[in-house]
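Numbering (this note's numbering), first residue to last: 87 to 706.
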């Protein structure tokens with residue numbers, strides 16, 4: 087009935103879709119197994135993509151040749167660039183998405199890839215022979231063979247949903263959980279744990295009074311995620327902001343004794359940076375209000391997502407508290423919020439390719455690795471799909487360094503440090519964030535994507551043209567001087583020091599008060615220099631000129647760190663023969679199995695003296 091596939095992907099969420107699309111685009115035959123063909127790429131929680139650091143990840147996925155940026159652009163209903171008041175390293179694109187269109191667009195992409203087949207079923211067991219993953223067995227008793235398997239099970243592994251004192255099995259509301267795989271992997275020697283996440287109630291937008299809320303429109307000139315020719319938004323839908331109050335908090339407290347979180351019925355650890363509303367009230371008892379974002383779920387639906395009100399309290403308590411929020415006095419609830427517990431596998435059990443140490447050709451991606459968020463899942467799926475394809479074809483691993491991408495930071499953090507709570511990406515996690523900006527993801531990564539067969543020729547030519555334009559602008563600004571007569575009126579109007587002699591444009595642009603747009607508006611010379619360049623290239627050149635000293639410092643740090651990253655450790659290195667290692671360091675190194683000295687240095691419990699000992703031993 088089934089052919090032998092190169093790659094089987096189990097689960098069709100954000101990680102599974104990117105994994106299947108990447109492997110298939112690169113030439114592998116792929117079978118995507120999902121429990122429900124109608125929930126492919128479902129946005130289980132917030133209908134939005136991007137945000138702080140997450141937006142950088144989406145642009146990196148796109149730059150490599152992935153699909154999340156394209157899907158987001160085609161299905162967004164609002165776009166905002168966050169943190170524009172800060173430096174470019176902090177600028178983060180975010181969009182509000184149409185939930186239904188997002189899933190439809192992803193399914194269209196997958197169905198239009200001739201190398202992707204589908205099967206609606208539940209994978210119950212992985213077929214393992216001679217220490218290698220060779221396919222899966224399904225709940226229908228079918229054995230499907232493959233050369234590699236990628237697990238992207240999301241919250242479905244032994245998922246348990248909590249609403250007040252009620253709990254029932256499920257991977258998402260209205261969908262059953264998946265059993266069998268955790269139990270099998272544990273018997274094979276894998277370590278498993280439990281995590282928790284949650285979602286807020288959904289309400290009827292027709293029952294809300296928006297006049298009592300603060301409007302949050304999209305950007306006046308909306309940008310987009312993809313570096314391809316997707317179109318920016320011509321119209322947008324607004325989001326809204328309101329707040330809880332002391333009356334809301336008192337009503338919520340009446341349900342605390344029935345809260346699964348406070349009663350101990352939930353054993354898994356929840357996300358630190360996206361706590362439930364009851365957790366916020368409990369932890370921040372001194373605050374008399376918390377922000378609520380009121381977000382539409384699409385162009386043609388009245389359903390509204392109540393961001394900031396994630397909860398697992400009894401539904402009657404949720405409903406009573408909601409109606410005390412300004413604008414929600416007559417709110418009608420579509421469905422209550424709930425918490426969900428699920429199995430995950432500590433990611434220190436993975437290689438930097440996301441292949442497991444224990445079983446060859448078995449990859450984990452997404453929430454199974456302890457992460458939270460669509461973007462974190464999608465980039466892991468992309469990397470797992472790439473490396474599953476490369477494994478099958480006996481090609482070298484594809485790994486991104488911390489200095490090359492937020493994706494590299496995320497995977498490096500997971501496999502070396504692990505996580506005991508749902509991992510979320512932030513700009514602060516990246517030590518080279520001045521280099522890893524959202525505006526230059528294509529320059530950093532598209533050539534790499536093209537070399538592995540994922541980003542097409544058109545993408546490569548586009549980025550090569552951009553790089554040339556940026557270099558031309560920088561060279562021209564360094565060589566072109568502007569007179570005091572031409573520029574002093576602008577300098578005087580913005581309150582910065584006047585110039586007494588001709589000055590190179592590049593030097594003038596280093597002033598924080600001055601932008602290229604201002605120079606172009608004030609000087610016909612500058613305007614004529616820029617008239618043949620694209621806005622993207624102009625912005626890129628401006629950032630490079632303004633921040634060149636900071637960029638240069640980070641590049642020097644990268645060079646120093648790369649010396650450690652280039653010192654490899656053989657896969658089956660015997661740490662027991664290095665007797666001078668500390669006991670904790672030896673145990674952590676044996677468990678994590680780093681591939682370089684650089685990775686070893688980032689493992690919690692491995693001391694600088696352990697690294698020195700290891701370097702001396704390997705040097706000998």
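Virtual Cβ for every residue (Gly too), placed ideally from N, Cα, C.
Checklist entry - What does a CB cutoff of less than 7 Å around residue 49 pick up in its chain, not counting 5 residues either side in sequence? => result As displayed, the chain neither begins before 87 nor continues past 706, which places residue 49 out of reach and without an answer.
Item to check | Per-residue DSSP class, three states only, for residue 170 | outcome: What you label residue 170 is simply residue 84 of the chain shown in a count that begins at 1. If DSSP states are grouped into helix, strand and coil, residue 170 belongs with coil.
Checklist entry - Between which two residues does the beta strand (DSSP E) carrying residue 428 extend? => result Within the chain shown, the letter at position 342 stands for residue 428. Residues 424-430.
Next on the checklist: Can you look up residue 473 in the DSSP assignment and give me helix, strand or coil?
Outcome noted: As a working mapping, residue 473 is identified with position 387 in the chain shown. If DSSP states are grouped into helix, strand and coil, residue 473 belongs with the helices.
Checklist entry - Whole-angstrom Cβ separation of residue 100 and residue 467, contact assumed at under 8 Å? => result Within the chain shown, the letter at position 14 stands for residue 100. Within the chain shown, the letter at position 381 stands for residue 467. That pair is a contact at about 7 Å.
Next on the checklist: Can you find the residues in the same chain that come closer than 7 Å, C-beta to C-beta, to residue 586, ignoring five residues on each side of it along the sequence?
Outcome noted: On the chain shown, residue 586 is found 500 positions in, with the first residue counted as 1. Closer than 7 Å at the Cβ level, and outside the excluded window around residue 586, lie 570.
Next on the checklist: Just to confirm before moving on: does the CB-CB distance between residue 682 and residue 653 stay below 8 Å?
Outcome noted: Numbered from 1 along the chain shown, position 596 holds the residue referred to as residue 682. Numbered from 1 along the chain shown, position 567 holds the residue referred to as residue 653. Against a cut-off of 8 Å, the Cβ pair of residue 653 and residue 682 comes out as a contact.
Checklist entry - Applying the criterion that 16 or more other CB atoms from any shown protein chain within 10 Å of the CB defines a buried residue, is residue 634 buried or exposed? => result The count along the chain shown starts at 1 and reaches residue 634 at position 548. Residue 634 is exposed by the Cβ-count criterion.
Checklist entry - DSSP state of residue 479, grouped into three classes? => result Counted from its first residue, the chain shown places residue 479 at position 393. Coil at residue 479, not helix or strand.
Checklist entry - In terms of residue numbering, what span does the alpha helix (DSSP H) encompassing residue 669 cover? => result Counted from its first residue, the chain shown places residue 669 at position 583. Its alpha helix (DSSP H) spans residues 669-678.
Checklist entry - How should residue 705 be labelled, buried or exposed, when 16 other C-beta atoms within 10 angstroms of its C-beta is the threshold for buried? => result By 1-based counting over the chain shown, the position of residue 705 is 619. Exposed, by the Cβ-count rule.
Item to check | Which of helix, strand or coil DSSP assigns to residue 203 | outcome: Position 117 of the chain shown, counted from the first residue, corresponds to residue 203. Strand at residue 203.
Checklist entry - Roughly how many angstroms lie between the CA atoms of residue 446 and residue 562, to the nearest whole one? => result The sequence position of residue 446 within the chain shown is 360, counting from 1. The sequence position of residue 562 within the chain shown is 476, counting from 1. One C-alpha to the other measures close to 53 Å.
Next on the checklist: Measuring only the C-alpha atoms, how far is residue 251 from residue 363?
Outcome noted: Walking along the chain shown from the start, residue 251 turns up at place 165. Walking along the chain shown from the start, residue 363 turns up at place 277. About 17 Å.
Item to check | Rounded straight-line distance, which links the Cα of residue 256 to that of residue 441 | outcome: Taking the chain shown and counting its residues from 1, one reaches residue 441 at position 355. Taking the chain shown and counting its residues from 1, one reaches residue 256 at position 170. Using only the alpha carbons, I get a separation of about 27 Å.
Next on the checklist: Between residue 611 and residue 568, how many whole angstroms is the CB-CB distance? I'm expecting something under 8 Å.
Outcome noted: Locating residue 611 in the chain shown gives position 525, counting from the first residue. Locating residue 568 in the chain shown gives position 482, counting from the first residue. 6 Å between Cβ atoms; contact.
Next on the checklist: Here's the rule: buried if 16 or more other CB atoms are within 10 angstroms of the residue's CB, otherwise exposed. What is residue 87?
Outcome noted: Counted from its first residue, the chain shown places residue 87 at position 1. Under this definition residue 87 is an exposed residue.
Checklist entry - alpha helix (DSSP H) containing residue 367: first to last residue? => result Against the chain shown, residue 367 aligns to sequence position 281. Element bounds for residue 367: 363-369.
Item to check | Inter-residue Cα distance where the pair is residue 120 and residue 167 | outcome: Working through the chain shown from its first residue, we reach residue 120 at position 34. Working through the chain shown from its first residue, we reach residue 167 at position 81. Roughly 34 Å between the two C-alpha positions.
Next on the checklist: Per the DSSP calculation, residue 326 is bridged to which residue(s)?
Outcome noted: Translated into the one-based positions of the chain shown, residue 326 becomes position 240. Residue 326 is bridged to 301 and 380.
Item to check | Per-residue DSSP class, three states only, for residue 628 | outcome: Position 542 of the chain shown, counting from 1, holds the residue named residue 628. Note: residue 628 maps to helix in three-state DSSP.
Checklist entry - Near residue 518, which residues of its chain fall below 8 Å by C-beta distance, leaving aside the five closest residues on each side in sequence? => result For the purposes of this step, residue 518 is identified with residue 432 of the chain shown, where counting begins at 1. So the list reads 488, 489, 640, 643 and 644, once near-sequence residues are dropped.
Checklist entry - So what's residue 636 in DSSP terms, helix, strand or just coil? => result Along the chain shown, read from residue 1 onward, the residue named residue 636 stands at position 550. Reduced to three states, the DSSP call for residue 636 is helix.
Checklist entry - Would you say the region 167-176 touches the region 475-489, given that touching needs at least three Cβ pairs under 8 Å? => result no
Next on the checklist: Quick check: the region 298-307 against the region 350-362, are at least 3 beta-carbon pairs closer than 8 Å?
Outcome noted: no
Next on the checklist: Tell me the residue span of the alpha helix (DSSP H) that contains residue 530.
Outcome noted: As a position in the chain shown, residue 530 is number 444, starting the count at 1. Here the alpha helix (DSSP H) through residue 530 covers 527-537.
Next on the checklist: Applying the 10 Å Cβ sphere with the 16-neighbour rule, what's the burial state of residue 179?
Outcome noted: As a working note, residue 179 is residue 93 in the chain shown. It is buried - the Cβ of residue 179 has at least 16 other Cβ atoms within 10 Å.
Checklist entry - Roughly how many angstroms lie between the CA atoms of residue 565 and residue 628, to the nearest whole one? => result For this step, residue 565 is matched to residue 479 along the chain shown. For this step, residue 628 is matched to residue 542 along the chain shown. The alpha-carbon atoms of residue 565 and residue 628 are separated by roughly 15 Å.
Item to check | Extent of the continuous alpha helix (DSSP H) run through residue 89 | outcome: On the chain shown, residue 89 is found 3 positions in, with the first residue counted as 1. Segment: none, residue 89 is in no alpha helix (DSSP H) and carries neither H nor E.
Checklist entry - How would you call residue 656, buried or exposed, if buried means at least 16 neighbouring beta carbons within 10 angstroms? => result Here the question's residue 656 lines up with position 570 in the chain shown. Looking at its Cβ environment, which holds fewer than 16 other Cβ atoms inside 10 Å, residue 656 is exposed.
Checklist entry - Using a Cβ-Cβ cut-off of 6 Å (strictly less than) and excluding sequence neighbours within five positions of residue 277, which residues of its own chain qualify? => result Residue numbering aside, residue 277 sits at position 191 when the chain shown is read from its first letter. Same-chain partners within the cutoff: 432.
Next on the checklist: Just to confirm before moving on: does the CB-CB distance between residue 202 and residue 110 stay below 8 Å?
Outcome noted: As a position in the chain shown, residue 202 is number 116, starting the count at 1. As a position in the chain shown, residue 110 is number 24, starting the count at 1. Contact flag set, yes.
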